[in-house]
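Down below is the structure, laid out as structure tokens.
In this note's numbering, the protein residues as written are -13 to 504.
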């Protein structure tokens, strides 16, 4: 453990001891007396009371009362008053110090819900636990994504989580490099959990300890040629030799060729030098694939007391097609497009646009974590379904950051006349061969009708179509249910028109907004 962490622990202990001094809170004055100045509330938030006896008017400073705490009443007059304290249900301990003013005197009340102690947890327990709760977890740093804010991955025997933001030894942000943390180091951290899409994160963690790895690599990632060949990993180690592990999913195309050792030279400056090993691997070609493949190899060392292992992430290039605009995606049997996520329908698919056109990405695992404004690369076979473009079960959806300038386009109004014109246009044509429906952002009005899992919009008399909705992730099912039977305005992406008895009828929209029309 580094000195700065030892100092932090000692300082915390001193502060904790000081906060327990009974003389820090005065329990009574001549004009206001409390039967107790410490209030304990259970994690469920059950109400508890104190008794205030005053000779004049008194009041809590309401600016100090947090949102999670309810105090009733917050003020009173001379006499005896019972004050109730209750809280929302908590998953972590929390506390606050409140002040009561009576005349020239200020009284203090300490309110605590639960305990603020954080118990150790495994990555699996963090993944299964609730958002907002703080966890203390120990594992190995497997890769570092950002060295300014300190974004990296922590793995133990039960799973892996993402660390989004790391505080330095003084509790400051944007100073990650000062910690000296490297891939392969064993780290214990503490911080609150959140979930971004499907990624489980601990946010702005405090580093409790770092145990340096016995192995250090010249690189923790390598990009390999699609033609196949050889690559070498150089590792410095302080253990008793090196062990190479190739996971089963990588062993089908990567194999170990040789290991050449170089003994470290002892000097006055470095009496315990690292030994070095050059590990050579062979890998097969990926010429027959249009998708890059990934894998890893692991270099480990053991000194009899501890073991360290560091992985090298491998990415092999492929015969990937050149990127094209979405409007030109049908020029390739297998296409490569790039654009922004515009709207997401949970467990269904999402819309990607690039300024030239839009397309539905259907039955993709990425849908679970997709968010609007994500920049994504998509590889897959384009097809037509219900007269509109889609890529079903893409081989790759890869996020490349997000665009802060993202915004939805102006919605095109679909009134009775426009809907009827569209129905006529599509009638009698082949819905899997004729690209007649551009995916666009639209708005239409009608009566919302919910029947089980079906959410429909009944258009006015004289309109030959009907609305059919998928809810975007921006809408809640329970909120939409309240609009059943009411006149509504729907705004979202029109992505298909499905038929009834071979006649085009249902305008399928991923709804971003559903507003009551009065």
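Here a beta-carbon is modelled for each residue, glycine too, at the ideal position from N, C-alpha and C. All figures in this text were calculated on a predicted structure; none of them were measured in a lab.
Exercise. Look up residue 320 in the DSSP assignment and say whether it is helix, strand or coil.
Key: The sequence position of residue 320 within the chain shown is 334, counting from 1. In the structure shown, the three-state DSSP call for residue 320 is coil.
Quiz item: Run through DSSP, which three-state label would residue 580 get?
Solution: This structure leaves residue 580 out entirely; the chain is present only between -13 and 504.
Quiz item: With residue 47 and residue 72 assumed to form a contact (beta carbons below 8 Å), what rounded beta-carbon distance in angstroms separates them?
Solution: The residue given as residue 47 occupies position 61 in the chain shown. The residue given as residue 72 occupies position 86 in the chain shown. With 8 Å as the limit, residue 47 and residue 72 do not qualify as a contact, their Cβ atoms being about 19 Å apart.
Self-check item: Assumed close pair residue 294, residue 170 - CB separation to whole angstroms, cut-off 8 Å
Solution: Within the chain shown, the letter at position 308 stands for residue 294. Within the chain shown, the letter at position 184 stands for residue 170. Going by Cβ atoms, the distance from residue 294 to residue 170 rounds to 6 Å, so yes, they are a contact pair.
Practice problem: Tell me the start and end of each unbroken alpha helix (DSSP H) in the stretch 99 to 151 that is at least 4 residues and wholly inside, in chain order. | Solution: Counting only runs of at least 4 residues, the stretch 99 to 151 fully encloses the following alpha helix (DSSP H) elements, listed from N- to C-terminal order: 109 to 114.
Self-check item: Given residue 262 as reference, the closest of 211, 245 and 269 once Cα atoms are compared
Solution: Sequence index remark: in the chain shown, residue 262 carries index 276 (1-based). With distances taken between Cα atoms, residue 262 lies closest to 245.
Quiz item: Span of the alpha helix (DSSP H) holding residue 411?
Solution: On the chain shown, position 425 is the one that residue 411 refers to. Run containing residue 411: 402 to 412, per the alpha helix (DSSP H) assignment.
Quiz item: So, residue 188 versus residue 175, is the Cβ gap smaller than 8 Å?
Solution: Position 202 of the chain shown, counted from the first residue, corresponds to residue 188. Position 189 of the chain shown, counted from the first residue, corresponds to residue 175. Pairing residue 188 with residue 175 gives a Cβ-Cβ distance under 8 Å.
Quiz item: With which residues is residue 201 paired in a DSSP beta bridge?
Solution: Here residue 201 corresponds to residue number 215 of the chain shown, with the count starting at 1. Under DSSP, residue 201 forms a beta bridge with 223.
Quiz item: Mind checking whether residue 389 and residue 359 have CB atoms under 8 Å apart?
Solution: Residue 389 sits at position 403 when you count from the first residue of the chain shown. Residue 359 sits at position 373 when you count from the first residue of the chain shown. Result yes, Cβ atoms of residue 389 and residue 359 sit closer than 8 Å.
Practice problem: Inspect the CB distances between the stretch 351 to 366 and the stretch 323 to 334 and report whether three or more fall short of 8 Å. | Solution: Short answer: they touch.
Quiz prompt | Residue ranges of each beta strand (DSSP E) within the stretch 345 to 398, 3 or longer | solution = Within the stretch 345 to 398, the runs of beta strand (DSSP E) that reach at least 3 residues and sit entirely inside it are, in chain order, 360 to 366, 368 to 371, 374 to 378 and 382 to 388.
Self-check item: Where residue 8 falls: helix, strand or coil (DSSP)
Solution: Your numbering for residue 8 matches position 22 in the chain shown. For residue 8, the pLDDT reaches just 38, beneath the cut-off of 50, and the residue's location in the model is therefore unreliable, although a value from the coordinates is still provided. In the structure shown, residue 8 sits in a helix (DSSP, three-state: H, G or I).
Practice problem: State the Cα-Cα distance for the pair residue 311 and residue 343, rounded to the nearest angstrom. | Solution: Numbered from 1 along the chain shown, position 325 holds the residue referred to as residue 311. Numbered from 1 along the chain shown, position 357 holds the residue referred to as residue 343. Each residue's alpha carbon lies about 8 Å from the other.
Exercise. Would you kindly work out how many angstroms separate the C-alpha atoms of residue 472 and residue 497, rounded to a whole number?
Key: Locating residue 472 in the chain shown gives position 486, counting from the first residue. Locating residue 497 in the chain shown gives position 511, counting from the first residue. Their Cα atoms are separated by approximately 16 Å.
Quiz item: Are there three or more Cβ pairs, one per stretch, closer than 8 Å when the stretch 83 to 96 is compared with the stretch 109 to 129?
Solution: With a cut-off of 8 Å on Cβ pairs, the stretch 83 to 96 is not in contact with the stretch 109 to 129, counting fewer than three such pairs.
Exercise. Could you pull the start and end residues of the alpha helix (DSSP H) that residue 236 belongs to?
Key: Counting from 1 along the chain shown, the entry for residue 236 is found at position 250. Bounds of the alpha helix (DSSP H) holding residue 236 are 234 to 237.
Quiz item: DSSP on residue 425, reduced to helix/strand/coil?
Solution: On the chain shown, position 439 is the one that residue 425 refers to. In the structure shown, residue 425 sits in coil (DSSP, three-state: anything other than H, G, I, E or B).
Quiz item: Going by other Cβ atoms of all chains shown within 10 Å of its Cβ, with 16 needed for buried, is residue 50 buried or exposed?
Solution: As a first step, residue 50 is located in the chain shown; it is residue number 64 there, counting from the start. Looking at its Cβ environment, which holds fewer than 16 other Cβ atoms inside 10 Å, residue 50 is exposed.
Self-check item: Span separating the alpha-carbon of residue 478 from that of residue 423
Solution: Indexing the chain shown from 1 puts residue 478 at position 492. Indexing the chain shown from 1 puts residue 423 at position 437. Their Cα atoms are separated by approximately 15 Å.
Exercise. Take residue 370 and list the residues in its own chain whose beta-carbon comes closer than 6 Å to its own, dropping the five residues that flank it on each side.
Key: Start at 1 with the first residue of the chain shown, and residue 370 comes out as number 384. Result list for residue 370: 418 and 421, in chain order.
Exercise. Determine the burial state of residue 456: buried for a count of at least 16 other Cβ atoms within 10 Å of its Cβ, exposed for fewer.
Key: As a first step, residue 456 is located in the chain shown; it is residue number 470 there, counting from the start. Residue 456 should be labelled buried.
Quiz item: What are the boundary residues of the beta strand (DSSP E) that residue 246 is part of?
Solution: Position 260 of the chain shown, counted from the first residue, corresponds to residue 246. First-last of the beta strand (DSSP E) with residue 246: 240 to 248.
Quiz item: If you run the structure through DSSP and keep just helix, strand and coil, what is residue 49?
Solution: Residue 49 sits at position 63 when you count from the first residue of the chain shown. If DSSP states are grouped into helix, strand and coil, residue 49 belongs with the helices.
Quiz prompt | Through-space distance from residue 147 to residue 100, alpha-carbon basis | solution = Position 114 of the chain shown holds residue 100. Position 161 of the chain shown holds residue 147. Between the C-alpha atoms of residue 100 and residue 147 there is a straight-line separation of about 26 Å.
Quiz item: Just checking my contact of residue 330 with residue 459 at CB under 8 Å: how many whole Å lie between their CB atoms?
Solution: Taking the first residue of the chain shown as position 1, residue 330 is located at position 344. Taking the first residue of the chain shown as position 1, residue 459 is located at position 473. With 8 Å as the limit, residue 330 and residue 459 qualify as a contact, their Cβ atoms being about 5 Å apart.
Self-check item: Same chain, Cβ closer than 8 Å to residue 491, neighbours up to 5 away in sequence not counted
Solution: Within the chain shown, numbered from 1, the residue matching residue 491 stands at position 505. So the list reads 409, 450, 451, 452, 483, 484 and 485, once near-sequence residues are dropped.
Practice problem: Provide the residue span of the beta strand (DSSP E) that contains residue 257, from first to last. | Solution: Counting from one through the chain shown, the residue named residue 257 turns up at place 271. Run containing residue 257: none; DSSP gives neither H nor E here.
Quiz prompt | Buried or exposed (CB count within 10 angstroms, at least 16 for buried), residue 241 | solution = As a working note, residue 241 is residue 255 in the chain shown. Residue 241 is exposed by the Cβ-count criterion.
Quiz item: Do residue 36 and residue 69 have their C-beta atoms closer together than 8 Å?
Solution: Mapped onto the chain shown, residue 36 falls at position 50. Mapped onto the chain shown, residue 69 falls at position 83. Yes, these two residues count as a Cβ contact at 8 Å.
Quiz item: Are residue 434 and residue 495 closer than 8 Å when you measure CB to CB?
Solution: Locating residue 434 in the chain shown gives position 448, counting from the first residue. Locating residue 495 in the chain shown gives position 509, counting from the first residue. No.
Exercise. Check the DSSP bridge columns for residue 497 and list the partner residues they point to.
Key: As a working mapping, residue 497 is identified with position 511 in the chain shown. Beta-bridge pairing by DSSP links residue 497 to 457 and 478.
Self-check item: Limits of the beta strand (DSSP E) - the one that residue 18 falls within
Solution: Stepping through the chain shown from its first residue, residue 18 is reached at position 32. Start and end: 18 to 20.
Exercise. Please state if the CB of residue 200 and the CB of residue 289 are separated by a distance shorter than 8 Å.
Key: Your numbering for residue 289 matches position 303 in the chain shown. Your numbering for residue 200 matches position 214 in the chain shown. Yes. Within cutoff.
Quiz item: Should residue 215 be labelled buried (16 or more other beta-carbon atoms within 10 Å of its own) or exposed?
Solution: Residue mapping note: residue 215 aligns to position 229 of the chain shown, counting from 1. Its Cβ having fewer than 16 others within 10 Å, residue 215 is exposed.
Exercise. Evaluate residue 206 with the Cβ neighbour count: other Cβ atoms within 10 Å of its Cβ, from every protein chain shown; 16 or more gives buried, anything less gives exposed.
Key: Translated into positions along the chain shown, residue 206 becomes position 220. Buried, by the Cβ-count rule.
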